[in-house]
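Trainee:
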Amino acid sequence: MRLAWNLGLDVVAEGVETHRHYAQLKALRCESGQGYLFSKPLPPDAVEQVLQEEHNRSQNEGQEPA
0 MRLAWNLGLD
10 VVAEGVETHR
20 HYAQLKALRC
30 ESGQGYLFSK
40 PLPPDAVEQV
50 LQEEHNRSQN
60 EGQEPA
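Each step along the sequence shown adds one to the number in numbering that gives the first Met the number 0, with nothing skipped, and position 29 is 28.
What follows is the structure, encoded as structure tokens:
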């Protein structure tokens, strides 16, 4: 982590499978991760749908229901 920071690089942790893994990464100030904790592997055509749903969810946070 320190080497990446010194070089101005972002770090993406791979293989994050449990909440314990995630907590350890947060303690190390690692801001990005991927693994089964977040999502199982997806076929390429499903990725766009997941990203769109996440975008819609984040846009609607804090808004009152209609």
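No residue lacks a Cβ here, since even glycine has one placed at the ideal position from N, Cα and C.
Could you give the DSSP three-state label for Ser57: helix, strand or coil?
Mentor: Within the sequence shown, the letter at position 58 stands for residue 57. In this structure, Ser57 counts as helix in the three-state DSSP scheme.
Trainee: For Glu13, which residues in the same chain have their Cβ closer than 8 Å to its Cβ, ignoring the five residues on either side in sequence?
Mentor: In the sequence shown, residue 13 corresponds to position 14, counting from 1. Correct list, in chain order: Gly32, Gln33 and Gly34.
Trainee: Closest by CA to Phe37, which one among Asn5, Glu53 and Gln58?
Mentor: In the sequence shown, counting from the first residue as 1, residue 37 sits at position 38. Among Asn5, Glu53 and Gln58, the Cα nearest to that of Phe37 belongs to Glu53.
Trainee: Is the CB-CB distance between Leu27 and Met0 below 7 Å?
Mentor: Within the sequence shown, the letter at position 28 stands for residue 27. Within the sequence shown, the letter at position 1 stands for residue 0. Taking 7 Å as the Cβ cut-off, Leu27 and Met0 qualify as a contacting pair.
Trainee: If you draw a straight line from the C-alpha of Val10 to the C-alpha of Trp4, how long is it?
Mentor: Residue 10 sits at position 11 when you count from the first residue of the sequence shown. Residue 4 sits at position 5 when you count from the first residue of the sequence shown. Their Cα atoms are separated by approximately 8 Å.
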